[in-house]
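Below is one structure; the comments refer to it alone.
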């Protein structure tokens, strides 16, 4: 009742001041009633009034002076107030008046409880002023930039060094590596044939187990085909007033050419704008992208967060900064070129509601809108169709650890903060976070919604991107194997093994590809007797099994992935997988080299190279899995 | 199990299982030379025989287990489709209470495995078409892939499948450019990949890479000539169908009411016919077992009324009687086997 009266008071005040018309106010009040939103937020979201005017009106109503928070962002000695307190309690000390009184900016109503909390935190009675919440964020960034950068960069490492990839190898791992290499060299000198055979067995077994696990998980995933994760009736009946506040993070860097698209893409999301907060995370030195985004005139709920400069300059660091400012109950990451299906956020909300608190993240499927552009985009689409449509549902079915994909991961913000956010030193921070969640006894799920992205069209760009992913998998493996016994104890043996097969096995397999291919080519040219010394007895059988059955199964599941997506033209391209794996192999060696030379370097993937727009014809069979976002 | 034990004690010689055991003897586990690879085609059956040490009783016991699993699956399908206990019992009795299934189990493990895999594949294709289930298509493709490595005749089912794919692709909800080719590809890839890989292995290690495949038609291709063989195959198929009224009635009703639903059984019938025509090894009783399995999986009515269940029970009883009459009066292999095994 009180809330309703206050909304009415604010509305009348805005009408009296001539800021909105009565009819607009009535319409906004109805929306606010139906959605449980605040009248001010609704008016701002529909563009009836700007945020600053609203704040000025609220300041008048609440009897506080209005202040432009950014103007007083110089250093201020307000002992004991750190950025965590500022962001959590949403007040910011601005300056001291000539009489020594501390001026503190609020963004919410100055209730007696809030006044008391501020005074208690400061140890003195402050002079309160009201600031616009977006200006407040900027002022916090200006004031606490270095501190925010350090929290974003070193937060996870500071609280749990064992979970951070800042250190590539911990002491015991370094010792084990050196000892292992020395033993390998010695053994090679003393018994080269036995060493080669042993390595062959190790590689063969790794390939066999990894392939078998992927195939098994894919079969499980295929069985989930007819499972309706989100009941369409429940989705349709979901009332707006039951929707929580949602934060969308969009980290961008050097993407001036495409950043304007995101406004259209994310603008199609079916979610009340006043409950949606889109934070575009722009690096401090990337003025070009910011200018391009601002020039596109984003709506009121799109805001820019300037990520303070400093190493490591990575996407996870930007996301950690965004997380500091996130006010949503849930949060999702999208890339600038992403086209999520419009109801994706609502599906995620339902998934979280139906599960317990242990469900910390749900991953939407990723697929490509430019699949038919060239052979590379075709192969990429085959791979993603298999991975997101078969593999991840299979892993979820078996309650295995799920390495998250780059975007469209939806988080419960409280759980994400509990996990410590992303590791800015890990170049596949998403995969690492999925595994970390499993290692902490939390769960990652999937939702049946798709985000369409731009597939890499350039081979060098692909190798760069893939080398980062594979390097990240290596980092993630090393990080989570630092305390293997704890991992088994907390996550369980099944989770640990699945993590090893998937995350550890992937780089290992691709590193082995050139050797395996060389042997296959040799087999075409040489007599069996000439290779027999490398493949004694069962080693030959293992290798032949991997060659015939393992490779064929991996090709087959990728064909089935494309078939399920109704991208029929891609199905036969599945047979080209062995060539595609060569590209992965090149990327794997590059990733390994970088792990040694520059482990935290972020190989930036160039976006906006495609000449294809999101035409429905590019998305397979019309009406099948075509998202409404891209239908005409 | 009982039939297996009776078989073992009888003077009957299970030629097919002996041949399989002989192929199994060629397998040398862990061997590096692999010169025998071409000769053991199709290799899975040979590998199984080798693992069983060529022991005929062990082969019979494995066959009994396969029968158990297959019957359990068939019974589950009938119960799921709303058949009452009498109708389930009657339908299964035409398999369980007649000699062909046991003859197959006691004499030809490879063919029995082939039939079991064919049942899996057809079940998958039916779901693929009727429920538009991609997963079922996946399963069907894998089952065919294994089947061609067990039974050379499976190739004909796979090829028939490819040939009729354009007729069921749209029905399976697959439309658009490339849908036909893609459907054929996903259903046949495992079979094609399996055979190509075995050819590669045989080419690399063996002197005669195609030797095993050529042996698939032991009596020669198109026995008696192409025309003669076609007529003989048609006659054999017709007689089998006439001896299976349960199947015949179900087939006719479906042909009138839901012709599309006959795509999958049509594949099996075409495959059966082709294997007889080409002269591929077609053991006695195989056609009867395949037809009855087809009835359960693909032809039987869904949720039959009480009246229709009575009709099913009657038809099954007639089929049972015909089955035994044929066995006891025709004097063919099946009759000889029964008489030998029971010592009559």
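Chains as they are written, first to last, in the numbering used here: chain A, 4 to 635; chain B, 158 to 501. C-beta: ideal position from N, C-alpha, C; glycine also.
Item                                                                                                                                                                                    : Value
Taking residue 374 (chain A) as the query, report the chain B residues whose CB atoms sit under 8 Å from its CB, ordered along the chain.                                               : Going along chain B, no residue has its Cβ under 8 Å from residue 374 (chain A), so there is no contact; the nearest lies around 12 Å.
Residue 275 (chain B) to residue 301 (chain B), Cα distance in whole Å?                                                                                                                 : 7 Å
Rounded to whole angstroms, what is the Cα-Cα separation between residue 629 (chain A) and residue 330 (chain B)?                                                                       : Note that residue 629 (chain A) scores a pLDDT of 33, beneath 50, so its modelled location is shaky and nothing firm can be said.
At 7 Å on the CB atoms, spell out the chain B contacts of residue 270 (chain A), in chain order.                                                                                        : Simply none; closest approach about 30 Å.
Does any residue of chain B have a CB that is nearer than 8 Å to the CB of residue 172 (chain A)?                                                                                       : no
Output, in sequence order along the chain, the residues in the region 540–569 of chain A whose CB is closer than 7 Å to any CB in chain B.                                              : 540, 541, 543, 544, 547, 551, 555, 559, 562, 563, 566, 567 and 569
Could you compute how far the alpha carbon of residue 44 (chain A) sits from the alpha carbon of residue 279 (chain A)?                                                                 : 10 Å
Does the beta-carbon of residue 100 (chain A) have 16 or more other beta-carbons within 10 angstroms, so that it is buried, or is it exposed?                                           : exposed
Would you verify that the beta carbon of residue 535 (chain A) is, or is not, closer than 8 Å to some beta carbon of chain C?                                                           : Absent from the structure: chain C. Protein chains present are A and B.
Taking the alpha-carbon positions, what's the residue 632 (chain A) to residue 270 (chain A) distance?                                                                                  : Confidence at residue 632 (chain A) is low in this model, with a pLDDT of 31, below 50, so the placement of that residue should be treated as unreliable; the coordinate-derived value is given next. Going from the Cα of residue 632 (chain A) to the Cα of residue 270 (chain A) covers about 10 Å.
Comparing the C-beta of residue 526 (chain A) with each C-beta of chain B, is any distance below 8 Å?                                                                                   : yes
Just grab the DSSP bridge partners of residue 322 (chain A) for me.                                                                                                                     : Answer is none; residue 322 (chain A) lacks a bridge partner.
If you drop the 5 nearest sequence neighbours on each side, which residues of the same chain put their C-beta closer than 8 Å to that of residue 542 (chain A)?                         : 200, 203, 204 and 207
Measuring only the C-alpha atoms, how far is residue 344 (chain A) from residue 455 (chain A)?                                                                                          : 8 Å
Can you name the residues that DSSP bridges to residue 413 (chain A)?                                                                                                                   : A:335 and A:365
Do residue 177 (chain A) and residue 386 (chain A) have their CB atoms nearer than 8 Å?                                                                                                 : no
I'd like to know if the region 170–178 of chain B and the region 495–512 of chain A are in contact, where contact means that at least 3 CB-CB pairs between them fall below 8 Å.        : no
Closest Cβ-Cβ distance between residue 230 (chain A) and chain B: below 8 Å?                                                                                                            : no
Enumerate in chain order the residues of its own chain whose CB-to-CB distance from residue 470 (chain A) is below 7 Å, with the five nearest sequence positions on each side excluded. : 590, 593, 594, 597 and 606
Compare the beta carbon distance of residue 349 (chain A) and residue 238 (chain A) with 8 Å and say whether it is the shorter of the two.                                              : yes
Please state the DSSP three-state secondary structure of residue 376 (chain A).                                                                                                         : coil
Any idea what DSSP makes of residue 231 (chain A), helix, strand or coil?                                                                                                               : coil
Beta carbon of residue 212 (chain A), beta carbon of residue 502 (chain A): below 8 Å?                                                                                                  : no
Does the beta-carbon of residue 415 (chain A) have 16 or more other beta-carbons within 10 angstroms, so that it is buried, or is it exposed?                                           : buried
Which word fits residue 199 (chain B), buried or exposed, when buried means at least 16 other C-beta atoms lie within 10 angstroms of its C-beta?                                       : buried
Name, going along the chain, the residues of the region 566–592 of chain A whose beta-carbon falls closer than 7 Å to a beta-carbon of chain B.                                         : 566, 567, 569, 571, 572, 574 and 575
At 9 Å on the CB atoms, spell out the chain A contacts of residue 347 (chain B), in chain order.                                                                                        : 555, 556 and 559
Between the region 384–414 of chain A and chain B, which residues of the former have CB atoms less than 7 Å from a CB of the latter, in chain order?                                    : none
Below 8 Å on the Cβ atoms is my contact criterion, and I expect residue 46 (chain A) with residue 31 (chain A) to pass it. Report the Cβ-Cβ distance as a whole number of Å.            : 5 Å
Leaving out the 5 sequence neighbours to the left and right, which residues in its chain are closer than 6 Å to residue 545 (chain A) when beta-carbon positions are compared?          : 207
Can you tell me whether DSSP reads residue 192 (chain B) as helix, strand or coil?                                                                                                      : coil
Report the partner residues of residue 282 (chain A) according to the DSSP bridge assignment.                                                                                           : A:252 and A:306
Please name the residues in the region 219–253 of chain A whose beta-carbon is closer than 8 Å to at least one beta-carbon of chain B, in chain order.                                  : 222, 225, 226, 228 and 229
For a cutoff of 8 Å on Cβ pairs, would you count residue 193 (chain B) as touching chain A?                                                                                             : no
Strictly by DSSP, which residues pair up with residue 132 (chain A)?                                                                                                                    : A:108
In the DSSP assignment, find the alpha helix (DSSP H) that holds residue 363 (chain B) and state where it starts and stops.                                                             : Residue 363 (chain B) -> no alpha helix (DSSP H), and no H or E assigned at all.
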